[in-house]
Amino acid sequence: MYRILILNLVMILASLSIVSSMVGASLTIFTPLELVYNQYMVQNVLANPNFTLTQSIPNASPFQNWAMVYSGSNVQEVTLGGVLSGNAVKFVGVNNGLSQTVTLNQSTRKVVFFSAWSKAEGVTGNKDSDYSFYIDVRYQDGTSLYGQNLAFDVGTTNWTYKYGFIIPEKPVKSMNAVLLFRNGHTGTAYFSNLVISELNIGADQVQNFDRVVMAKFPNSVALGAIHTLSTSDNLSLRFDKSTGMIAGVTIDSQTVASDSNQIYGGVFIKDMQLKSNESNVYMPSPSKVITTANTFRTESYLSELDLSINTTFKADVDISKTISIRVDVESKRNSMNRALSVYIAIPVSNMNLDWVWGDYLRSSRGIVDFYPKEFNRMSQRISTNQYTSSTPFWGMSTNLTSNNVGLGLGIPLDSPRVVRFSYNAVCKLFYAVIDLGISQLPSAITNKAWIDLVLYKLDKTETTIGNVKTPLPYPARSAAYGYYSRFPQFYQRRISPESEGLWVAFSDITPIPNITDFGISVHEIAYGSSPRHANFGKQKGIKVFRYLTEPFSSWVSLNSTSLDPNNYTQVIDYLKAQAANPNSPIKTQAQYTLVSGIKDPDTGLYRYTSENKPWCPVKCALFDLTPLPNVKPDDSLPSNYISKADNSWNSNVMSDHTNPLSSNFNLSGEYLDSFPANAYLLDYTPDHVKAVLQPILSFDATRPQLVGVVQIFATYYFSKNIGDFLHSIGRYFMTNGASSLGVSWGSDLFDYTGQEMKWVSGGKFVPYVDETLCFSRSNFNQKPYGYLMNIDYTLLTRDIMEQYMQYVTFYGIYPSAFSGDASSNPFWSIPAAYEPNRDLFMKYVPLIKKLNRNGWQVLTGVKGFVNGVENDVVQLSPTLIAPPKVLFERFSVLSLSQEVYITVMITQPVYHSRITLLLDLDMVSNGQLKASDINCNSISAYSLMTKQNLTIVKDGSNNNCTYFGVEFMAIPYNSTWNQYTEVIALSVTGKQQPLPSPIPSKPMGSSKPNNSTNRPDRSRALSESSKFGGVWSGWILVCISVVIMAVIGV
């Protein structure tokens, strides 16, 4: 036995490589251009920049070389003294401006520096481009870049200096420089000492990296020994063992980044306390490198920033087909907070692969080499120039005729951080950046933080129709698919598809007759509601959720007092008195408000506002609270005071779910209100920072000396405690706002979520944009999502209700309604609200349930055409564009026993067009079916909206075909609507199976009478689409021929 142990130990040691070295100098990867631009200044191309040359020409500018922007402007000359040379221009009143055009005639792109001094006296309005030094750029090819500006502060100021950089996309022909003081601004403004100068530095060495203009100078790094990590699906990273850099990347047979091109990735660090535009970006040099067959680990000390940094890359260890990335950071400056931006950068430098960036499920952009703006999609803002990405994963893929590949980068939902994903086409890096705060206060993570990420190959990058492969146009879908497969635990569907349905809030639904008509699935009730609601729900198969709390808030009613809610001292003294009074009805609320209340970092005062809401009317103080577990009272409060987290979730509350004798035992679960509220508010309260157990601290880039708890992360861990308990006993957890408002955190915690939204404006249905609903659908994946329309029911016409229901049906989202003020006159308590729409609920809710039974599928497997022209194509431009005119989503997985459902949203510009859908059989069947399995004479499709059979299009003859799909004419449900939804069910049989019975065509007149004059006979139009079958067959043959000729080089 000992021999076996020794032999195993020898084998382990043989596979382990440890390289120790002296700590080498770190590499400076990027330097802010602000620190070095003076070395590259050429000359000021502006004429008369100090307004020393004057002229006297009627109705003209008083200054040579400058033209008046507005006739009649009050433009004056001012003689300057002091630090500024020359004179100044003085603008008085409204609508003033001077302009000058300068010619650059660049043959190659060059960065341009521009600057100005200005002073304000009684300037009104807000800081914006209407009081600025403003430049429009004209490129050599005739296109333009507008609105580059230096905006100045309003009010009364001293002389202020501003400067900036213009990184042109193309060589510049000319620039129109304008001094503006107009529109909402009055008062007096001065300008002087203006500069426009080219910089003698290659534009390929300057980039907007993480929204800061950086210079990257070539590092002549001699690569040493290489260690390669590979996943089982052929994603490989090549590491230089001497520096720790990622020197090369390959996917399958494609070289994504070559060792020889001097574009390297790795882990980079920036100290944000030096200000984002003054801090270098460093890569630490490892003192120790540890490698195994599937691991690459470096241990480093970055002396410039006094940081210990350990990085581990693991291939197929934690997750199959995945490179897991772990970065541990420890500050050695024990007496101070740290604000760090940590970059995990993957080189993607082979631009011959024609890369495409995915913005969201239905939008992508072609990546243009050296394009100066980064490719990303941000949502919420933490501070000026500091944003977060809207999803926990992002991807990019290639646009080739064959052998397409793609990369995905993600952060686990259960490891929340402030993260941004971007691709930079100048430095050729696909990176994630995490803004980490490190606190020196005593806590479980004093002076420490860590990051977990995943890098993976995109599994699906091509679609196959017949024998023709084409790249998938939307990398965001492939990235989502890869993320879902690696983290299935985040998307577990605990509510059975059969019991899904509508969400109802704060209404007594027990009087509703024939309540099952409406498809109600979840009922949110107030805390302390009568048990009859839960009992009724259990009887009717409706899950009842108790309103537990709103994590971020404490609404303190002051109506019974003589207090002024705007008087801070009065309000706080009142709270302290109530907290100490054992007989006070708000004793507990007062205590947890004082313990968990968030304080202003400058004044130390509690954050609250005076409010007047239906649920807290007239005199009300709304306090911002943290729900972070483990928070204790500070030294000024009694130690027995309770926190918000402990008050909301404790053994007494839990016992309602575990004690069969509890009157609340029939509850299905708990409801958490306003999950993403104050999402990226930073809580600097010292006793709250001390309570953190995970590295959920971050910083505001405008004041990085402070670090605080990110509110959404405090809410996440509070919610996780509740969800873990409920799920362990087979109960459910629900919230509103998860997977909404650009916040993806929390999607893994809840079983049902949704959002209260208006949907109506000016008496008309006004839908939210496709990106908003795609965000909610994709972040919650197949779990049920529902909307509450927050509008007064008297404003809801039948037409509005049906548009609403059709719109959300497309996404498989459940449509419900609530209240105009989110409180009073709830929809489901008023028969006059729900009864006129009963038949609409009976029509659409079962349809949505049918779609969701086997789940929404992120990969549609659909190639669509409008009048023979492909609908979804790769957008080659780097600028963001609107989604296509026809939208597709897929539900279910096609098999010989299961039909597949395709939802189609058709917008008004393509009404009465011929819509063709061809299916990627491998994709829509999840690899279960091949064309040879299908009896092509038995394919059938019908509309779930009209119950009409649809025309099948296919190639081949008899029962053999290589592709098939559906074709129909887009006849709108109502021609006055901006869009309508069609839902298609398609089924197939095997070659040995009997032919299915077709769905009988039902005359339109046999359904509910059609009262609209805008609804033509859709059944006739759908059947007439078969006339286009011959045209389609010819078109596909031409397309296939073109593809074949392209491949063979004809």
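Under mature numbering (1 follows the signal peptide of the UniProt record, and there is no 0), read the sequence shown as residues -21 to -1, 1 to 1029, first letter to last. The beta-carbon is built from N, C-alpha and C at its ideal position, and this holds for glycine as well. Since the structure is predicted, the reported quantities are computational estimates derived from the model, not experimental observations.
If I measure Cβ to Cβ from residue i and keep anything under 7 angstroms in the same chain, skipping five residues before and after, which residues do I get?
i: ILE494; result: ILE488, LYS519
i: PHE188; result: PHE9, ASN403, CYS406
i: GLN549; result: LEU542, ASP543
i: TYR19; result: LEU178, ASN179, ILE180
i: THR449; result: GLU441, THR442
i: THR839; result: PHE867, GLU868, ARG869
i: VAL841; result: PHE867, ARG869, ILE881, LEU896, LEU898
Following the continuous alpha helix (DSSP H) through residue i, name the residue where it begins and the one where it ends.
i: MET633; result: 630 to 637
i: GLU781; result: 777 to 790
i: MET821; result: 817 to 831
i: CYS753; result: 749 to 759
i: SER698; result: 690 to 707
i: GLN549; result: 547 to 559
i: ASN626; result: 623 to 627
i: GLN127; result: GLN127 -> not in any alpha helix (DSSP H); beta strand (DSSP E) instead, spanning 123 to 130.
i: SER279; result: SER279 -> not in any alpha helix (DSSP H); beta strand (DSSP E) instead, spanning 274 to 281.
In the DSSP assignment, find the beta strand (DSSP E) that holds residue i and state where it starts and stops.
i: ALA796; result: 793 to 796
i: VAL268; result: 265 to 271
i: SER310; result: 302 to 310
i: PHE515; result: Looking at the DSSP string, PHE515 is not in any beta strand (DSSP E); the run it does join, the alpha helix (DSSP H), is 510 to 519.
i: VAL865; result: 865 to 870
i: GLU13; result: Per DSSP, GLU13 belongs to no beta strand (DSSP E); it is in the alpha helix (DSSP H), 12 to 15.
For residue i, collect the residues of the same chain with a Cβ closer than 8 angstroms to its Cβ; drop the 5 residues on either side in sequence, then sort them by chain order.
i: PRO147; result: GLN85, ARG88, LYS89, VAL90, VAL91, VAL116, TYR118, LEU124, ALA182, PRO351
i: GLN734; result: ASN715, GLY716, SER719, LEU720, SER755, TYR766, LEU767
i: TYR959; result: GLN785, MET884, ILE885, PRO951, TYR952, ASN953
Between the C-alpha atoms of residue i and residue j, what's the straight-line distance to the nearest angstrom?
i: TYR711; j: ASP703; result: 10 angstroms
i: ASN313; j: LEU25; result: 50 angstroms
i: ARG161; j: LYS311; result: 51 angstroms
i: ILE269; j: PHE275; result: 6 angstroms
i: THR968; j: ILE918; result: 7 angstroms
i: MET983; j: PHE409; result: Because MET983 carries a pLDDT of 33, less than 50, the predicted location of this residue cannot be relied on, and the following value inherits that uncertainty. Distance between the alpha carbons of MET983 and PHE409: 54 angstroms.
i: LEU173; j: LEU158; result: 10 angstroms
i: PRO596; j: ASN545; result: 14 angstroms
i: GLY480; j: GLY498; result: 5 angstroms
i: ASP729; j: LEU216; result: Note on identity: in this sequence residue 729 is Phe, with Asp being the wrong assignment. Roughly 36 angstroms separates the two Cα atoms.
i: LEU388; j: ARG465; result: 12 angstroms
i: TRP1011; j: ASN240; result: With a pLDDT of only 38 at TRP1011, under the threshold of 50, the placement of this residue in the model should not be trusted; the figure read from the coordinates follows. For TRP1011 and ASN240, the distance between alpha carbons rounds to 47 angstroms.
i: ALA46; j: THR122; result: 23 angstroms
i: TYR261; j: ILE288; result: 12 angstroms
Going by C-alpha distance, which of the options is nearest residue i?
i: ASP297; options: TYR280, TYR339, VAL433; result: VAL433
i: THR301; options: ILE390, GLN359, THR370; result: ILE390
i: GLU750; options: ALA455, SER966, TYR410; result: ALA455
i: PRO655; options: TYR696, ASN23, TYR663, SER622; result: TYR696
i: THR271; options: ASN804, LYS909, ILE(-4); result: ILE(-4)
i: ILE346; options: VAL945, VAL853, LYS970, PHE292; result: VAL853
i: SER508; options: TRP334, SER500, SER486; result: SER486
i: residue 1087; options: MET154, LEU386, GLY387, VAL71; result: In the structure displayed, the chain extends from -21 to 1029; residue 1087 sits before or after that span and is not available.
i: ALA569; options: ILE551, ARG586, PRO580, THR582; result: ILE551
i: ALA600; options: SER536, TYR747, ASN846; result: SER536
i: PHE170; options: LYS254, SER237, SER78; result: SER78
Using C-beta distances below 6 angstroms, list every residue in its chain close to residue i, excluding the 5 sequence neighbours before and after it, in chain order.
i: MET224; result: TYR243, GLY245
i: GLN887; result: ASN957
i: SER1005; result: In this predicted model, SER1005 has a pLDDT of only 39, less than 50, meaning its place in the structure is not dependable; the value taken from the coordinates is given anyway. Closer than 6 angstroms at the Cβ level, and outside the excluded window around SER1005, lie THR930.
Give a yes or no on contact between the stretch 310 to 328 and the stretch 224 to 234, applying the rule of three or more CB pairs nearer than 8 angstroms.
yes
Taking three-plus beta-carbon pairs below 8 angstroms as touching, is the stretch 782 to 802 in contact with the stretch 711 to 726?
no
Take every Cβ of the stretch 940 to 954, pair it with every Cβ of the stretch 888 to 903, and state whether three or more of those distances are shorter than 8 angstroms.
yes
Between the stretch 814 to 834 and the stretch 503 to 521, do three or more beta carbon pairs fall short of 8 angstroms?
no
Would the stretch 880 to 888 count as touching the stretch 358 to 378 if we require 3 or more Cβ pairs under 8 angstroms?
no
Within the chosen definition, does the stretch 800 to 817 reach the stretch 774 to 782 through at least 3 CB pairs nearer than 8 angstroms?
yes
Can at least three beta-carbon pairs, one atom from the stretch 528 to 541 and one from the stretch 643 to 662, be found at a separation below 8 angstroms?
yes
Does the pairing of the stretch 932 to 946 with the stretch 905 to 922 give three or more beta-carbon distances under 8 angstroms?
yes
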